[in-house]
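Enquirer:
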Amino acid sequence: CIVYQEQVLEIVRTLAGYSLGSADMLRRVISKKKADKMEIERKNFIYGKQDENGNWIIDGCIRRGIPESVAIDIFNEINEFANYAFNKSHAAAYAFITYQTAYLKTFYQAEYMASLISSVEDQDKINEYFINCKKLGIEKLPPDINMSEDSFTVEGNSIRFGLSAIKNVGKGFIVNLVDERKRNGKFTSFSDFVRRMLEKDMNKRAVEGLIKCGAFDSLGAKRSQLLSVYESVIESETQSKKANISGQMTLFADEAVTQDTETALPDISECPKSELLALEKESCGMYFSGHPMEDYEDKVKNLTDITTYKIMSSVEKDEFGNIKEISGGVKDGHTVKICGIIAARKNKITKNNTQMAFLRLEDLFGTIEVIVFPKILQQYSGIMTEGKAVLIEGRVSIREDEEPKILCETAALLDEIKTQDHNNQEFYVKDRRTLFIRMGTYDETVLKTAAKLLKLHSGETPVCFFISDSKKRIYVPESCYIDEKSGIINDISAIFGENNVKMG
Numbered sequence: 001c002i003v004y005q006e007q008v009l010e011i012v013r014t015l016a017g018y019s020l021g022s023a024d025m026l027r028r029v030i031s032k033k034k035a036d037k038m039e040i041e042r043k044n045f046i047y048g049k050q051d052e053n054g055n056w057i058i059d060g061c062i063r064r065g066i067p068e069s070v071a072i073d074i075f076n077e078i079n080e081f082a083n084y085a086f087n088k089s090h091a092a093a094y095a096f097i098t099y100q101t102a103y104l105k106t107f108y109q110a111e112y113m114a115s116l117i118s119s120v121e122d123q124d125k126i127n128e129y130f131i132n133c134k135k136l137g138i139e140k141l142p143p144d145i146n147m148s149e150d151s152f153t154v155e156g157n158s159i160r161f162g163l164s165a166i167k168n169v170g171k172g173f174i175v176n177l178v179d180e181r182k183r184n185g186k187f188t189s190f191s192d193f194v195r196r197m198l199e200k201d202m203n204k205r206a207v208e209g210l211i212k213c214g215a216f217d218s219l220g221a222k223r224s225q226l227l228s229v230y231e232s233v234i235e236s237e238t239q240s241k242k243a244n245i246s247g248q249m250t251l252f253a254d255e256a257v258t259q260d261t262e263t264a265l266p267d268i269s270e271c272p273k274s275e276l277l278a279l280e281k282e283s284c285g286m287y288f289s290g291h292p293m294e295d296y297e298d299k300v301k302n303l304t305d306i307t308t309y310k311i312m313s314s315v316e317k318d319e320f321g322n323i324k325e326i327s328g329g330v331k332d333g334h335t336v337k338i339c340g341i342i343a344a345r346k347n348k349i350t351k352n353n354t355q356m357a358f359l360r361l362e363d364l365f366g367t368i369e370v371i372v373f374p375k376i377l378q379q380y381s382g383i384m385t386e387g388k389a390v391l392i393e394g395r396v397s398i399r400e401d402e403e404p405k406i407l408c409e410t411a412a413l414l415d416e417i418k419t420q421d422h423n424n425q426e427f428y429v430k431d432r433r434t435l436f437i438r439m440g441t442y443d444e445t446v447l448k449t450a451a452k453l454l455k456l457h458s459g460e461t462p463v464c465f466f467i468s469d470s471k472k473r474i475y476v477p478e479s480c481y482i483d484e485k486s487g488i489i490n491d492i493s494a495i496f497g498e499n500n501v502k503m504g
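Sequential numbering of the sequence shown, starting at 1, is according to our numbering.
1. Do T385 and I342 come within 8 Å of each other at the CB atom, strictly closer than that value?
2. Any idea what DSSP makes of K140, helix, strand or coil?
3. Output the distance between the C-alpha atoms of I97 and L141, rounded to the nearest integer angstrom.
4. Using the C-alpha atoms, what's the distance from D483 back to K182?
5. Taking all protein chains shown into account, do 16 or more other C-beta atoms lie within 10 angstroms of the C-beta of V12, making it buried, or fewer, making it exposed?
6. Can you tell me whether A264 is helix, strand or coil according to DSSP?
7. Thinking just about the alpha-carbon of each residue, which of C339, I338, M312 is nearest to the one in I326?
8. Going along the chain, which residues of its own chain have a beta-carbon closer than 6 Å to the beta-carbon of R63, five neighbours each way excluded?
9. In terms of alpha-carbon separation, which member of E478, S189, S486, F466 lies closest to N499?
10. Please classify V169 as buried or exposed, where buried requires at least 16 other C-beta atoms within 10 Å of its C-beta.
11. Given this structure, state the Cα-to-Cα distance separating R395 from V300, to the nearest angstrom.
12. My parser needs the beta strand (DSSP E) runs of 3 or more residues fully inside the region 306–387; what are they?
13. Let me check you understand the geometry: is the CB of Y129 closer than 7 Å to at least one non-hydrogen atom of the ligand SAM?
14. Could you round the C-beta distance between L407 and V390 to whole angstroms and report it? I think they count as a contact, below 8 Å.
15. On the CB-based measure, 16 or more other CB atoms within 10 Å of its CB, does R433 come out buried or exposed?
16. Does DSSP put L456 in a helix, a strand or coil?
17. Where do the ends of the beta strand (DSSP E) carrying G394 lie?
18. Please go through the same chain and pick out, in chain order, the residues whose beta-carbon is closer than 8 Å to the beta-carbon of A221, but skip the five residues on each side of it.
19. Thinking C-alpha only, which one of S228, V120, I57, G440 is nearest S151?
20. Do you know offhand how far I392's Cα is from R345's?
21. Would you check if the distance between the CB atom of F173 and the CB atom of M147 is smaller than 8 Å?
22. Would you list, in sequence order, the uninterrupted alpha helix (DSSP H) runs of no fewer than 4 residues that lie entirely inside the region 36–78?
23. Mind checking A494: buried by the 16 CB within 10 Å criterion, or exposed?
24. For K375, does the count of other Cβ atoms within 10 angstroms reach 16, so buried, or fall short, so exposed?
25. Along the chain, which unbroken stretches of the alpha helix (DSSP H) at least 4 residues long are found entirely within the region 104–165?
26. Got a sec? Which residues, its chain only, sit under 7 Å from Q239 by beta carbon, not counting five neighbours each side?
27. Can you tell me whether M286 is buried or exposed? The criterion is at least 16 other CB atoms within 10 Å of its CB, across all chains shown.
28. What's the gap between the Cα of L163 and the Cα of F365?
29. Taking L219 as part of the alpha helix (DSSP H), name the residues at either end of that continuous run.
30. Would you check if there are 3 or more beta carbon pairs closer than 8 Å linking the region 223–239 to the region 269–284?
31. What residues in its chain sit with their C-beta under 6 Å from that of C1, if we drop five residues either side in the sequence?
32. Would you call the CB atoms of F216 and I131 closer than 8 Å?
33. Assuming the contact rule is C-beta atoms closer than 8 Å, I46 and E68 should be a hit. Round their C-beta distance to whole Å, please.
34. Do C284 and P143 have their C-beta atoms closer together than 8 Å?
35. Measuring straight from C-alpha to C-alpha, what distance separates L251 and E235?
36. To the nearest whole angstrom, what separates the beta carbons of F288 and E280, a pair I think is in contact under 8 Å?
Shown next, in the form of structure tokens:
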């Protein structure tokens with residue numbers, strides 16, 4: 001059994017007469033996994049190699065008395081080993097890192113996860129690691145102007161969100177902020193923060209990002225209040241600084257203009273929870289004050305018992321990292337209904353020049369990828385936008401080298417579902433008034449013509465086309481919603497027939 005590259009060096013030197021230099025050349029070929037050069041080395045190993053003068057520079061196994069069949073078998077084993085070969089120093093280093101990682105993740109879970117999250121910049125990875133934190137019982141703490149550092153840090157068994165991961169907040173500003181806090185103490189108010197940070201790489205976009213994610217919440221001010229006054233506070237402090245520098249004085253001879261006054265905040269209510277969550281998602285890529293799906297918990301329970309966790313926990317990785325199904329879990333090909341927020345959508349043009357989409361669906365338990373093929377996307381593209389709460393029905397796809405996915409077959413907005421029947425397949429019944437238009441068969445040309453007409457009567461009433469032969473529903477994008485009082489319904493009825501158009 002060959003385990004290390006060093007064993008190959010010893011084998012070829014002892015059996016085939018390789019020099020140290022030629023043996024190391026073989027090691028490089030193995031490392032690069034170059035099949036053509038491995039075949040050259042096969043001949044050298046078995047039959048030897050001569051220089052241009054006919055001198056043997058590699059004897060080869062046969063000249064050393066080793067049967068050809070044995071030499072072939074030995075090199076076949078070397079060749080197979082080359083697919084996954086390491087030298088001893090690399091193997092030792094990997095083993096050390098593995099043991100160290102396992103130790104830290106076992107005994108210092110929060111510290112390990114905080115360091116891991118700080119090491120990545122990809123937002124999807126950060127979200128994935130925080131989902132793992134939730135499974136480990138590690139709480140996620142929001143950004144805080146007086147507690148957060150540049151990177152993600154540990155507080156008890158919780159991880160505090162790092163300032164560097166907030167959108168539009170620059171590295172230099174963060175360094176100055178943390179340094180100012182350490183030198184002169186915590187910030188006592190928003191005005192105090194602006195006053196102290198004004199000349200330390202602070203800009204309006206950074207301040208706005210900090211407000212949106214709730215970094216000033218601990219100071220007692222509402223985000224709605226700060227968003228309405230932050231620009232005027234910055235402008236006021238800027239003018240005050242300029243006046244002080246120029247030596248201007250107030251009407252009081254012994255009093256400088258730069259008094260540490262607090263800006264009066266407007267008496268307004270806080271932003272709705274949905275807006276706060278949207279602000280957090282915009283600035284940090286995740287939620288802190290809750291989750292949009294919390295508002296749909298009762299409805300979701302009546303629609304399905306499938307969650308992202310239930311699907312993702314239906315598989316496990318073997319020792320080689322391959323995905324395999326476990327007993328009692330959701331199986332490949334099973335049809336499921338699952339509810340969640342569309343956290344991200346990426347479009348892709350296929351070889352046939354049609355568009356498909358990849359969605360990242362997020363519920364209270366995790367995330368899963370949803371694949372929407374072109375024909376399905378044509379029907380539901382209008383509702384498959386980021387931030388929408390949806391019910392997706394589709395087949396589970398489980399492959400050896402991939403995480404489970406869902407292949408979408410139908411979709412609906414949760415806000416427009418009113419049925420309480422968990423097993424009712426007609427779950428696309430709407431609470432909201434919708435214009436339904438029935439077509440016998442799918443006709444893209446007719447749909448495009450209708451869309452142009454709908455856009456001429458823009459409003460807030462959704463429109464849905466029902467395709468009779470396939471029993472599919474096509475929901476138009478919001479840009480095609482209509483003003484039902486504009487007379488558009490009469491125009492549509494004239495095209496499709498009065499019996500095929502109705503408000504529901």
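In this text, a Cβ means the ideal position worked out from N, Cα and C, and glycines have one as well. Quick caveat: nothing in here was measured; it's all calculated off a predicted structure.
Expert: By the coordinates alone:
1. Position 342 of the sequence shown, counted from the first residue, corresponds to residue 342. Position 385 of the sequence shown, counted from the first residue, corresponds to residue 385. For I342 and T385, yes; Cβs fall inside 8 Å.
2. Start at 1 with the first residue of the sequence shown, and residue 140 comes out as number 140. Strand at K140.
3. Residue numbering aside, residue 97 sits at position 97 when the sequence shown is read from its first letter. Residue numbering aside, residue 141 sits at position 141 when the sequence shown is read from its first letter. In a straight line, the C-alpha of I97 is about 29 Å away from that of L141.
4. Along the sequence shown, one-based indexing puts residue 182 at 182. Along the sequence shown, one-based indexing puts residue 483 at 483. Approximately 58 Å between the Cα atoms of the pair.
5. Counting from one through the sequence shown, the residue named residue 12 turns up at place 12. The residue is buried, with at least 16 neighbouring Cβ atoms inside 10 Å.
6. Along the sequence shown, one-based indexing puts residue 264 at 264. Reduced to three states, the DSSP call for A264 is coil.
7. Your numbering for residue 326 matches position 326 in the sequence shown. Ranking C339, I338, M312 by Cα distance to I326 puts M312 first.
8. As a working note, residue 63 is residue 63 in the sequence shown. If we look at R63 and ignore the five residues flanking it on each side, its Cβ neighbours are G48.
9. In the sequence shown, counting from the first residue as 1, residue 499 sits at position 499. For N499, the nearest C-alpha among the options comes from F466.
10. In the sequence shown, the residue the question calls residue 169 occupies position 169. Burial call: buried.
11. One-based indexing of the sequence shown puts residue 395 at position 395. One-based indexing of the sequence shown puts residue 300 at position 300. Roughly 19 Å between the two C-alpha positions.
12. 315–317, 323–325, 335–349, 355–362, 367–372
13. As for the ligand SAM, it is missing from this structure, which has no ligand bound.
14. The residue labelled residue 407 in the question sits at position 407 within the sequence shown. The residue labelled residue 390 in the question sits at position 390 within the sequence shown. About 15 Å; that fails the 8 Å criterion.
15. For this step, residue 433 is matched to residue 433 along the sequence shown. R433 is exposed by the Cβ-count criterion.
16. For the purposes of this step, residue 456 is identified with residue 456 of the sequence shown, where counting begins at 1. Of the three classes helix, strand and coil, the one that applies to L456 here is coil, per DSSP.
17. Within the sequence shown, the letter at position 394 stands for residue 394. Taken as a continuous stretch (DSSP letters only), the beta strand (DSSP E) holding G394 covers 389–397.
18. Numbered from 1 along the sequence shown, position 221 holds the residue referred to as residue 221. Excluding positions up to five away in sequence, the list reads S189, F190, L265.
19. Taking the sequence shown and counting its residues from 1, the one referred to as residue 151 is at position 151. Minimum Cα distance to S151 is reached at V120.
20. Within the sequence shown, numbered from 1, the residue matching residue 392 stands at position 392. Within the sequence shown, numbered from 1, the residue matching residue 345 stands at position 345. Taking the straight line from one Cα to the other gives about 14 Å.
21. Counting from 1 along the sequence shown, the entry for residue 173 is found at position 173. Counting from 1 along the sequence shown, the entry for residue 147 is found at position 147. Cβ distance not < 8 Å, so F173 and M147 don't count as in contact.
22. none
23. Here residue 494 refers to the residue found at position 494 of the sequence shown. With fewer than 16 Cβ atoms within 10 Å of its Cβ, A494 is classed as exposed.
24. Translated into positions along the sequence shown, residue 375 becomes position 375. Exposed: under 16 other Cβ atoms inside 10 Å.
25. 109–118, 123–135
26. Position 239 of the sequence shown, counted from the start, is the residue given in the question as residue 239. Excluding sequence neighbours, Q239 sits near nothing in its chain.
27. Along the sequence shown, one-based indexing puts residue 286 at 286. Buried, by the Cβ-count rule.
28. Numbered from its first residue, the sequence shown carries residue 163 at position 163. Numbered from its first residue, the sequence shown carries residue 365 at position 365. So the two alpha carbons sit approximately 25 Å from each other.
29. Against the sequence shown, residue 219 aligns to sequence position 219. Careful: L219 lies outside any alpha helix (DSSP H) and carries neither H nor E.
30. yes
31. In the sequence shown, the residue the question calls residue 1 occupies position 1. Same-chain partners within the cutoff: there are none.
32. By one-based count along the sequence shown, residue 216 stands at place 216. By one-based count along the sequence shown, residue 131 stands at place 131. No, the pair does not count as a contact, with Cβ atoms beyond the cut-off.
33. Translated into positions along the sequence shown, residue 46 becomes position 46. Translated into positions along the sequence shown, residue 68 becomes position 68. Yes, I46 and E68 are in contact; Cβ-Cβ is about 6 Å, under 8 Å.
34. Stepping through the sequence shown from its first residue, residue 284 is reached at position 284. Stepping through the sequence shown from its first residue, residue 143 is reached at position 143. Yes, the Cβ-Cβ distance between C284 and P143 is below 8 Å.
35. Indexing the sequence shown from 1 puts residue 251 at position 251. Indexing the sequence shown from 1 puts residue 235 at position 235. Low confidence applies to L251: its pLDDT is 48, below 50, so where it sits in the model is not reliable, and the reading given next is rough at best. Straight-line Cα distance between these residues: approximately 21 Å.
36. Taking the sequence shown and counting its residues from 1, one reaches residue 288 at position 288. Taking the sequence shown and counting its residues from 1, one reaches residue 280 at position 280. Indeed they touch by this definition, with Cβ atoms about 5 Å apart.
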